[in-house]
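Visitor: Top line first, the protein sequences correspond to chains A and B.
Residue numbers for the first sequence follow numbering that gives the first Met the number 0, beginning at 0 and rising by one.
Residue numbers for the second sequence follow numbering that gives the first Met the number 0, beginning at 0 and rising by one.
Let me give you the structure first, and then I'll get to my questions.
Number of protein chains: 2
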Amino acid sequence: MVDKTVDHYRVEPGMAVDLSRWDPDDRSVFSGSKAEGKARTKALNRRLEALQELLYAEGKHKVLIVLQAMDTGGKDGTIRHVFDGVNPQGVRVAAFKVPTPEELRHDYLWRVHKHTPGSGEIVIFNRSHYEDVLVVRVHNLVPPEVWQRRYEHIRQFEKLLADEGTTILKFFLHISPEEQKERLQARLDTPHKRWKFNKGDLAERKRWDEYMQAYADAIRETSISYAPWYIVPANRKWYRNLVVSQVIVDALEALDMRYPEAEPGLESITIE
Amino acid sequence: MVDKTVDHYRVEPGMAVDLSRWDPDDRSVFSGSKAEGKARTKALNRRLEALQELLYAEGKHKVLIVLQAMDTGGKDGTIRHVFDGVNPQGVRVAAFKVPTPEELRHDYLWRVHKHTPGSGEIVIFNRSHYEDVLVVRVHNLVPPEVWQRRYEHIRQFEKLLADEGTTILKFFLHISPEEQKERLQARLDTPHKRWKFNKGDLAERKRWDEYMQAYADAIRETSISYAPWYIVPANRKWYRNLVVSQVIVDALEALDMRYPEAEPGLESITIE
């Protein structure tokens with residue numbers, strides 16, 4: 000059996016999205032063992048290091064990576080593993096938490112636009128503007144007509160970024176509620192993980208189905224050729240890292256980057 | 000003869016725009032004398048002071064005012080006169096000059112979005128994102144397909160701002176090339192105005208017709224109900240100030256603002 004490519008997880012524009020039909024345990028793009036999977040991810044990581052260096056040197060393209068997931072879905076772990084060893088000069092993480100009073104006085108893309116990547120830069124959004132059609136919707140923080148029109152704002156905002164030179168990759172790290180249960184319990188039971196536990200997570204967990212609906216709608220409404228969503232099976236951490244790494248490396252390879260030309264005549268210089 | 004209202008200068012969506020047919024000396028909304036016009040503007044200014052205080056206290060609406068004009072068109076003078084005496088707490092001017100290297104590494108709306116008003120605030124853009132379809136076009140700084148798609152970006156960006164609570168008013172201060180000639184000469188001849196003169200202005204002046212075409216296209220493409228353009232006859236400074244003041248006051252009146260409710264029972268308190 001031949002493994003599928005990671006395109007298998009990309010949501011094509013207009014595709015209906017029913018998350019109950021996306022298996023968080025799926026592993027159809029890699030049939031090897033966990034150890035083999037980790038080795039593959041390691042190799043991809045080395046390749047990512049080289050590609051990021053080239054991206055930075057060339058200074059032409061911008062790369063935006065959006066990570067979304069339910070609590071314990073693995074956003075932090077993905078960042079740590081996928082970008083392990085990649086030069087922090089040129090890679091930046093922007094984490095979007097509960098908006099500050101100043102942020103709330105502006106439109107919801109105001110705080111997000113500020114953190115978009117510049118030329119030669121990779122920016123990873125740990126949560127993002129999608130919270131404004133997810134948590135905001137589930138908790139009725141604004142009326143339906145307000146969050147519904149945001150899909151169009153978001154499509155147009157990402158179109159602007161793409162038109163002006165940004166490669167956008169969006170990942171939903173998809174875990175099952177059973178997997179979340181185990182991970183939350185582990186946070187409670189492991190002293191050095193306990194700081195990550197938050198009683199509010201339990202209230203959110205009760206709204207699982209509402210969140211799945213909100214995610215499904217947001218992904219369907221905003222997965223477009225210039226800013227595709229990938230639904231990544233994330234019950235297995237090693238597999239999740241492999242898939243995310245592969246998608247990013249493939250996208251950077253496709254940019255066909257080159258090191259800038261050096262000044263002519265440098266090859267005859269000897270430093271004395 | 001009854002004077003027209005300032006709506007006369009609003010560009011309706013879809014309207015063809017030929018700037019040679021908009022008279023920079025027109026004064027059909029005010030048939031009084033210059034002294035009477037100045038008195039009217041003074042009264043509007045007082046009203047603006049009160050409305051801005053209310054806007055700030057209520058803290059609900061955001062107001063964005065965009066000023067564009069050819070050199071010497073009167074952007075600085077308009078700001079000084081229209082907002083004379085208005086409380087600077089709650090009013091901010093953002094001037095957009097030649098982009099910095101950091102700004103150039105991002106999309107052209109990145110630096111602009113940062114400066115959009117928060118709730119309760121009025122922000123005046125002295126030049127704006129429109130330069131990215133004006134000077135950028137006239138000087139061929141990007142290929143036509145790049146600036147042409149920006150009209151849609153700008154429409155969508157302003158739609159986002161409007162949907163999220165921003166009142167947007169855009170003014171093109173329209174002077175004739177003869178008036179510009181006199182004003183440039185006055186800058187050269189008046190010692191305390193000489194600092195404003197820039198030899199580059201003469202090169203820009205030679206491209207007058209190209210600029211008029213770029214302005215006409217930009218105004219036609221982006222004058223929409225939620226973000227209208229006003230073409231203001233600006234050869235007479237007092238008349239220009241009158242028209243801009245009237246448009247802003249009318250728009251603020253239409254917001255139907257109220258002071259926040261005070262805590263109940265305050266009327267029976269005596270400070271000892």
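All residues carry an ideal CB built from backbone N, CA and C; glycine is no exception.
It should be emphasised that the depicted structure is a prediction, and the values quoted were computed from it without experimental measurement.
Which residue marks the beginning of the beta strand (DSSP E) containing Val65(A), and which one marks its end?
Guide: Taking the first sequence and counting its residues from 1, the one referred to as residue 65(A) is at position 66. 61 to 68 is the extent of the beta strand (DSSP E) around Val65(A).
Visitor: Expressed to the nearest angstrom, what Euclidean distance is found between the alpha-carbon atoms of Gly199(B) and Val122(A)?
Guide: On the second sequence, residue 199(B) is found 200 positions in, with the first residue counted as 1. On the first sequence, residue 122(A) is found 123 positions in, with the first residue counted as 1. One C-alpha to the other measures close to 38 Å.
Visitor: Could you list the residues in the stretch 153 to 182 of chain A with a C-beta less than 8 Å from some C-beta on chain B, going in chain order?
Guide: For the stretch 153 to 182 of chain A, which is checked against every Cβ of chain B, the residues closer than 8 Å are Gln155, Phe156, Lys158, Leu159, Leu160, Asp162, Glu163, Gly164, Thr165.
Visitor: Helix, strand or coil: how does DSSP classify Thr41(B) here?
Guide: On the second sequence, position 42 is the one that residue 41(B) refers to. The displayed chain sequence assigns Lys, not Thr, to residue 41(B). The answer is helix: DSSP assigns Lys41(B) an H, G or I state.
Visitor: Is it true that the CB of Gly58(B) sits closer than 7 Å to the CB of Ser118(B)?
Guide: By one-based count along the second sequence, residue 118(B) stands at place 119. By one-based count along the second sequence, residue 58(B) stands at place 59. Their beta carbons are under 7 Å apart, which means Ser118(B) touches Gly58(B) by this criterion.
Visitor: Taking CB distances under 7 Å as the criterion, tell me whether Arg136(A) reaches chain B.
Guide: For the purposes of this step, residue 136(A) is taken as the residue at position 137 of the first sequence. No, Arg136(A) does not count as interfacial toward chain B.
Visitor: Quick check on His105(B) - is its C-beta less than 7 Å from some C-beta in chain A?
Guide: Mapped onto the second sequence, residue 105(B) falls at position 106. So yes, His105(B) belongs to the interface.
Visitor: If you scan the stretch 165 to 189 of chain B from start to end, which runs of the beta strand (DSSP E) of 3 or more residues do you find wholly inside it?
Guide: Qualifying beta strand (DSSP E) stretches, in chain order: 165 to 173.
Visitor: Using the beta-carbon of each residue, which ones in chain C are nearer than 8 Å to Trp109(A)?
Guide: Considering every chain present, this structure includes no chain C. Its protein chains are A and B.
Visitor: Out of curiosity, what's the CA-to-CA distance linking Thr40(A) and Arg46(A)?
Guide: Counting from one through the first sequence, the residue named residue 40(A) turns up at place 41. Counting from one through the first sequence, the residue named residue 46(A) turns up at place 47. So the two alpha carbons sit approximately 10 Å from each other.
Visitor: Spell out whether any CB of chain B is found under 7 Å from the CB atom of Arg91(A).
Guide: In the first sequence, residue 91(A) corresponds to position 92, counting from 1. It does not: the Cβ of Arg91(A) has no partner Cβ on chain B nearer than 7 Å.
Visitor: For Val308(A), which option in Ala253(A), Pro12(A), Ile218(A), Lys74(A) has the closest C-alpha, if you only look at C-alpha atoms?
Guide: Here chain A covers residues 0 to 271 and nothing more, so residue 308(A) does not appear.
Visitor: Below 6 Å CB to CB, which residues in the same chain sit around Lys223(B) once its five sequence neighbours on both sides are set aside?
Guide: What you label residue 223(B) is simply residue 224 of the second sequence in a count that begins at 1. According to the sequence as given, residue 223(B) is Ile; it is not Lys. Pro12, listed in sequence order.
Visitor: If you count every other CB in all the chains shown that lies within 10 Å of the CB of Thr189(A), and 16 or more means buried, which is it?
Guide: On the first sequence, residue 189(A) is found 190 positions in, with the first residue counted as 1. Answer is exposed; the Cβ neighbour count stays below 16.
Visitor: Taking Cβ-Cβ distances below 8 Å as the criterion, which residues of the stretch 3 to 18 of chain A are in contact with chain B?
Guide: Result list empty, no residue passes.
Visitor: I'd like to check one pair, Ala56(A) with Tyr258(A): are the Cβ atoms closer than 7 Å?
Guide: Here residue 258(A) refers to the residue found at position 259 when the first sequence is read from its first residue. Here residue 56(A) refers to the residue found at position 57 when the first sequence is read from its first residue. Yes. Within cutoff.
Visitor: Take every Cβ of the stretch 3 to 12 of chain B, pair it with every Cβ of the stretch 236 to 253 of chain B, and state whether three or more of those distances are shorter than 8 Å.
Guide: Segments in contact, yes.
Visitor: According to DSSP, what are the bridge partners of Trp228(B)?
Guide: The residue you call residue 228(B) lines up with position 229 of the second sequence. Note: Trp228(B) sits in a beta bridge opposite Lys169(B).
Visitor: For Arg221(A) and Met14(A), what's the separation of their Cα atoms in angstroms?
Guide: The residue you call residue 221(A) lines up with position 222 of the first sequence. The residue you call residue 14(A) lines up with position 15 of the first sequence. Here the sequence assigns Thr to residue 221(A), which means Arg is not the residue at that position. Those two C-alpha atoms are separated by around 11 Å.
Visitor: Is the stretch 199 to 216 of chain A touching the stretch 133 to 144 of chain A in the sense that three or more CB pairs, one from each, lie closer than 8 Å?
Guide: The stretch 133 to 144 of chain A, when compared against the stretch 199 to 216 of chain A, does touch it at the 8 Å Cβ threshold.
Visitor: Looking at the C-beta of Ser244(A), does it have a partner C-beta in chain B at a distance below 7 Å?
Guide: For the purposes of this step, residue 244(A) is taken as the residue at position 245 of the first sequence. No, Ser244(A) lies away from the interface with chain B (no Cβ there is under 7 Å from its Cβ).
Visitor: CA-CA distance, Trp146(A) and Phe156(A)?
Guide: Along the first sequence, read from residue 1 onward, the residue named residue 146(A) stands at position 147. Along the first sequence, read from residue 1 onward, the residue named residue 156(A) stands at position 157. Cα to Cα, Trp146(A) sits roughly 15 Å from Phe156(A).
Visitor: Can you list, in chain order, the residues of its chain whose CB lies under 8 Å from that of Arg26(B), leaving out five sequence neighbours each side?
Guide: Position 27 of the second sequence holds residue 26(B). Excluding residues within five positions, the ones whose Cβ falls inside 8 Å are Pro232, Arg235, Tyr238.
Visitor: Among the candidates Leu66(B), Asp70(B), Leu54(B), Lys37(B), whose CA atom is the shortest distance from the CA of Gln184(B)?
Guide: For the purposes of this step, residue 184(B) is identified with residue 185 of the second sequence, where counting begins at 1. Of the listed residues, the one whose Cα sits closest to Gln184(B) is Asp70(B).
Visitor: Starting from Ala217(A), follow the alpha helix (DSSP H) in both directions and report where the run begins and ends.
Guide: Within the first sequence, the letter at position 218 stands for residue 217(A). Unbroken alpha helix (DSSP H) run through Ala217(A): 207 to 221.
Visitor: Is it true that the CB of Leu63(A) sits closer than 7 Å to the CB of Val248(A)?
Guide: For the purposes of this step, residue 248(A) is taken as the residue at position 249 of the first sequence. For the purposes of this step, residue 63(A) is taken as the residue at position 64 of the first sequence. The answer is no: Cβ separation not under 7 Å.
Visitor: Kindly provide the ranges of any beta strand (DSSP E) runs that are 3 or more residues long and lie completely inside the stretch 71 to 146 of chain A, ordered along the chain.
Guide: Correct list: 90 to 94, 121 to 125.
Visitor: Answer with yes or no whether the minimum CB distance from Ser127(A) to chain B is below 7 Å.
Guide: Here residue 127(A) refers to the residue found at position 128 when the first sequence is read from its first residue. No, Ser127(A) lies away from the interface with chain B (no Cβ there is under 7 Å from its Cβ).
Visitor: Would you report the Cα separation of Gly76(B) and Trp194(A), rounded to the nearest angstrom?
Guide: Against the second sequence, residue 76(B) aligns to sequence position 77. Against the first sequence, residue 194(A) aligns to sequence position 195. For Gly76(B) and Trp194(A), the distance between alpha carbons rounds to 57 Å.
Visitor: For chain A, check one thing: does any of its Cβ atoms lie closer than 7 Å to the Cβ of Ser224(B)?
Guide: Translated into positions along the second sequence, residue 224(B) becomes position 225. Not one chain A Cβ lies under 7 Å of Ser224(B).
Visitor: Pull the bridge partners of Arg9(B) from the DSSP assignment, please.
Guide: Mapped onto the second sequence, residue 9(B) falls at position 10. In the DSSP output, where bridge partners are listed per residue, Arg9(B) has Tyr229(B).
Visitor: Using a cut-off of 7 Å between C-beta atoms, extract the partners of Glu220(B) located in chain A.
Guide: What you label residue 220(B) is simply residue 221 of the second sequence in a count that begins at 1. Neighbours of Glu220(B) on chain A: none; closest Cβ ~15 Å, over 7 Å.
Visitor: List the whole-angstrom C-beta distance separating Leu159(B) from Leu108(A), where the pair is believed to meet the contact cut-off of C-beta under 8 Å.
Guide: Counting from 1 along the second sequence, the entry for residue 159(B) is found at position 160. Counting from 1 along the first sequence, the entry for residue 108(A) is found at position 109. Correct: roughly 6 Å between the Cβ atoms.
Visitor: When you compare the CB of Ser118(B) with every CB in chain A, is at least one pair closer than 7 Å?
Guide: Position 119 of the second sequence, counted from the start, is the residue given in the question as residue 118(B). Yes, its Cβ sits closer than 7 Å to a Cβ of chain A.
Visitor: In or out: Gly84(A) buried (at least 16 other Cβ within 10 Å) or exposed?
Guide: By 1-based counting over the first sequence, the position of residue 84(A) is 85. So Gly84(A) counts as exposed.
Visitor: Could you check how far apart the C-beta atoms of Phe171(A) and Trp228(A) are, in whole angstroms? I think they sit under 8 Å.
Guide: By 1-based counting over the first sequence, the position of residue 171(A) is 172. By 1-based counting over the first sequence, the position of residue 228(A) is 229. Right, their Cβ atoms sit about 6 Å apart.
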